[in-house]
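In the UniProt record's numbering, the protein residues as written are 1 to 200.
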């Protein structure tokens, strides 16, 4: 699989295009992006679905645009059902009537799609935070960053929960896994478990 990162919007949110043999999917849709659109068009990639790591506005403002553009289904945590379009939760106070269309709500540990992606609930940044395992890759959203973790001072956040999610859920995975976070650069899981100052 090829993973291309597009960093978009005012808070520099990562969107990932994951593809092989002309087909693939998108992880998080921060904002509509001409660069992402052009890359998909130039490389003739058929988008098959979209997955969300959580539903804060900076990860979903472009969701309806891409869902409609590619006519695809959207996957997110079952915990997104009650909070996705609530501005007190998604923090979209500056966007009126933000639409967050979700088709499939995933349970903890559920494996889905032909790519055998495994969804793992990793609450702490939000109640609906979910990480996704694809082979030796983990999309961690705003749960785990390089040498940092997601903020826990928003509604539904908890530092104890985010630390537990990282140590007792992600920490049980292959230490050599590469993490692709919602902000900033990629890292290696084992490096974060050993060196991330928020875990010690």
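All C-beta atoms, glycine included, are put in the ideal place defined by N, C-alpha and C.
According to DSSP, residues forming a beta bridge with residue i
i	result
residue 13	8 and 183
residue 93	According to DSSP, residue 93 bridges with nothing at all.
residue 73	49
residue 159	Note: residue 159 sits in no beta bridge, so no partner.
residue 24	19 and 47
residue 141	181
residue 3	18
residue 111	118
Residue i, DSSP secondary structure in three states
i	result
residue 40	helix
residue 134	strand
residue 106	strand
residue 188	strand
residue 150	coil
residue 199	helix
residue 172	helix
residue 78	helix
residue 127	coil
residue 165	helix
Whole-Å CB distance - residue i paired with residue j, under 8 Å assumed
i	j	result
residue 78	residue 107	6 Å
residue 48	residue 24	7 Å
residue 55	residue 90	5 Å
residue 51	residue 27	5 Å
Continuous alpha helix (DSSP H) stretch holding residue i: start and end
i	result
residue 60	57-60
Opening and closing residue of the beta strand (DSSP E) in which residue i lies
i	result
residue 84	No beta strand (DSSP E) contains residue 84, which DSSP labels as neither H nor E.
residue 117	117-121
* To do: Evaluate contact between the stretch 180-199 and the stretch 144-163, counting only Cβ atoms and requiring at least three cross-stretch pairs below 8 Å.
  => Short answer: they touch.
* For the stretch 58-71 and the stretch 165-172, state whether three or more C-beta atom pairs, one from each stretch, are separated by less than 8 Å. => Three or more Cβ pairs closer than 8 Å define a contact, and the stretch 58-71 falls short of that threshold against the stretch 165-172.
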